[in-house]
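So the sequence shown is numbered by full-length UniProt numbering: it starts at 1 and just counts up by one. Don't be surprised by glycine CBs; every beta carbon is placed ideally from N, CA and C. Okay, so here's the structure we're looking at.
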Amino acid sequence: MMKHLHKLGYISNYIKHSQKVRFLASHTKYAEHKQIEKIRNIGISAHIDSGKTTLTERILFYTGRIDEMHEVKGKDNVGAVMDSMELERQRGITIQSAATYTLWKDHNINIIDTPGHVDFTVEVERALRVLDGAVLVLCAVGGVQSQTLTVTRQMKRYNVPFLAFINKLDRLGANPNRVISQLRSKLQYNAAFLHLPIGLESQHKGIVDLVEQKAVYFNGPFGEDIQYDEIPQNMRTESSERRHELIEHLSNVDDVLAELFMEDKAITDQDIHAAIRRTCLKRTFTPVLLGTALKNKGVQPLLDAVLSYLPNPGEVTNFALKEKEGAEAERINLNPTRDGKSPFVSLAFKLEAGRYGQLTYMRCYQGMLKKGEYIYNSRTSRRVRVPRLVRLHSSQMEDVNEVYAGDIFAVFGVDCASGDTFVTDTKLNLAMESIFVPDPVVSMAISPVNNKDRDNFSKAIARFTKEDPTFQFFYDPDNKETIVSGMGELHLEIYAQRMEREYNCPVNLGKPKVAFRESLVTPCEFDYLHKKQSGGHGEYARVTGILEPLPPQKNTVLEFVDETVGTNVPKPFIPGVKRGFLLMSEKGLLTGHKLSGLKFRLIDGMHHIVDSSEHSFCLAAQGAIKETFEHGCWQVLEPIMSVEVTAPDEYQGTVITQLNKRHGLVTGTDGTEGWVTVYAEVPLNDMFGYAGELRSSTQGKGEFCMEYSRYSPCPLDLQEKLIDEYQRSLGNIPDKEQKKKKN
């Protein structure tokens, strides 16, 4: 306690003697309800090890939310505040999105720190769905990496305005100029510096603010004392050129500034600030800021930029869908005003099993909600009472009495699924669009080590599949195994470790299995009659149509089209045909994998006035698919991964040889400061065990990351092998003539 009092006294001396931007406030002050203009909901996203969590830790320190900083993998073993899970602290990675809220210059900032590993991509997806703005953190050495591309795609999907922050300027090989050129070339962003570094690597002293035309230094033991000074003499020419470049980039996309620029009128600092804000909100310009979170430099100007350039909840248009019977849903714009006069609408974007039952993270989009009120789940029409409302500070919960539009909060004891909409007025019939959930790409057999742990195993599986829609499980009756599927090996390993830690249930994981798919090569016609007469009510249904492959960019989806004319297939029976098609698509007859990239065109059919039913047409559709397996030409598709390998220059040949051995296609290389980055596309089936091989061949200096790219036809020898294995598992001896036909 004395230590903290001493620290507060020590910091107050700075407040007296210099311009101070660190606020220390009581916790009640953080929960105060602000005007909508004084609220920001931001996410911090990036590639692995770009410094997201360290940056969040610094933000919390400078805003007075925490009074001590800890490192992600610090020697004190405390770990960062936002990495609250024991496994996160131990591994030094973020696994779950963590939420917090803080104050900066009388503005309330809600922050979500997201994982960088592609295996936890759904956490980023969830966060960006409910945020108004984001900070894209880039490593000054690594630059734009594979997961950066994924994150920027997700930002585009939800139309999230963002700032770019180039971190780690103190690292050996830091090169912000290279990073900004990658932002422009790889991501096609209209990006320009707002800052310039004063020195790099160990010589990094501060930054030059190009808009205000000042040098900014971060003094004091924790960089909390900000000093403004003249731009160093040797940087004035570069600063002037870069400022002119910034104005040019803005003028290209902002009419107001372009007019001033064309007429040669004086452009003030305020004109530039206003232009950055306008273009940033439209996502036509990317402001690039600089710093090093670990060395406490550049964080406060980033916070100022969040307030200046990112939108408040009132500047983002959010809509809900009003369901109408027999018609397309109508889009209703939601009212973000924080007066509580509009009906309450919120979206549940994440679930977590807490100590007091299920904790549901929500974003309020309209109206207000008080503790003790009743809310309705739009999907299930269930009414539930909200006994407790909390705002989250990582794993700590802070009670509040009410929440308003724009707030991110959590409730207890509400049974729901991720993506559910909650309202207080059911007559509105509103539902919000849910999050995009990518398909799992890796499967493994899983079983508890001890049979006595089966109850705990079931509880763990039920909880984790509910919390994470990309973690799925099913029972395989052919092999009598429980199979779990996810976004990568790390994803499944983390859940296996969590079962042991949180449920005292050690598990065995089998070898990874790739999620292959089966698809047609050419269209195949079908005409199938299902007829069954066994006394009494019979079954009769005939379906005629074409099953055809979809183009390569749609080879992971299934489409059903009703092209019938007249009453040969009555409209009430059409859903039965679709259901039969989807049921058969769960397990192909070639290798036992799912069907995908197919369009089922129902053109005609026949029914019986007495014996036909929806179930009969469901069975007829299943028979039609079996018929196409007999007569059609089928192929197996495999997931292709975008792989990025970084290693010292001397290992470039070794890395490329290894990737070629694994049927990889090298798409490019990039070199800097004695290191080389190799970009390749490699089948996932060939990537297992690569981490160990890369480590041993580069003396532990090489590292790689990969993410799902697309599905592509697999080689014929692999297809033969998969067909053979599947037939053997069924106890059949494969017929060679039949196998040739399939190819």
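In this structure H195 is buried. Its beta-carbon is surrounded by 16 or more other beta-carbon atoms within 10 angstroms. As DSSP reads the structure, E644 sits in a beta bridge with Y679 and C705.
Taking the Cα positions, T54 is about 20 Å away from I226. Looking at the DSSP output, E398 shares a beta bridge with R391.
No Cβ-Cβ contact shorter than 7 Å links F349 with V151.
Between S596 and K513, the gap from beta carbon to beta carbon reaches 7 Å or more. Scanning its chain for C-beta atoms nearer than 6 Å, with the 5 sequence neighbours on each side dropped, one finds around R65 the residues T102, in chain order. Inter-residue distance for G291 and T284 is about 23 Å (C-alpha atoms, whole angstroms).
Per the coordinates, the alpha-carbon of A266 lies some 51 Å from the alpha-carbon of M397. The continuous stretches of beta strand (DSSP E) do not include V256, which lies in the alpha helix (DSSP H) extending over residues D255 to M262. Here P313 carries a helix assignment [DSSP, helix/strand/coil].
Rounded to whole angstroms, L589 and K554 show a C-alpha spacing of 21 Å. In summary, G357 is exposed, with fewer than 16 beta-carbon neighbours lying within 10 Å of its beta-carbon over all protein chains present. Every beta strand (DSSP E) stretch that sits fully inside the region 169–250 and reaches 3 residues is listed by chain position as 191–193, 195–198, 206–209, 214–219 and 225–229. In this structure, the CA atom of N190 is about 29 Å from the CA atom of G674. By the Cβ neighbour-count rule, K168 is buried, with 16 or more other Cβ atoms within 10 Å of its own. Runs of beta strand (DSSP E) with 3 or more residues, each lying fully within the region 265–344, are found at 286–290, 319–324 and 327–333, listed in chain order. Relative to F617, the option among V569, D339 and S239 whose CA is nearest is V569. In the structure shown, the three-state DSSP call for H631 is helix.
Counting along the chain, N660 sits inside the alpha helix (DSSP H) bounded by residues Q652 to K661.
The Cβ atoms of V345 and L430 lie closer than 7 Å to each other. Membership of L583 in the alpha helix (DSSP H) is indicated by the continuous run I574 to S585. Its Cα nearest to that of I603, the residue I546 stands out among A620, L583, I546 and T654. About 11 Å separates the CB atoms of L665 and V678; that is not less than 8 Å, and the two are not in contact. In the three-state reduction of the DSSP assignment, F471 falls in the coil class. Membership of K532 in the beta strand (DSSP E) is indicated by the continuous run C524 to K532. The bridge partners DSSP lists for T102 are I109. In chain order, G545, R601, L602 and I603 place their CB closer than 8 Å to the CB of E563, counting only its own chain and leaving out the 5 sequence neighbours on each side. For D717, no beta strand (DSSP E) run applies; the uninterrupted alpha helix (DSSP H) run containing it begins and ends at L716 to S729, by DSSP. The three-state reading of DSSP puts G545 in strand, counting E and B together. In this model, L351 and Y361 are separated by some 6 Å (Cα to Cα).
The three-state reading of DSSP puts F422 in strand, counting E and B together.
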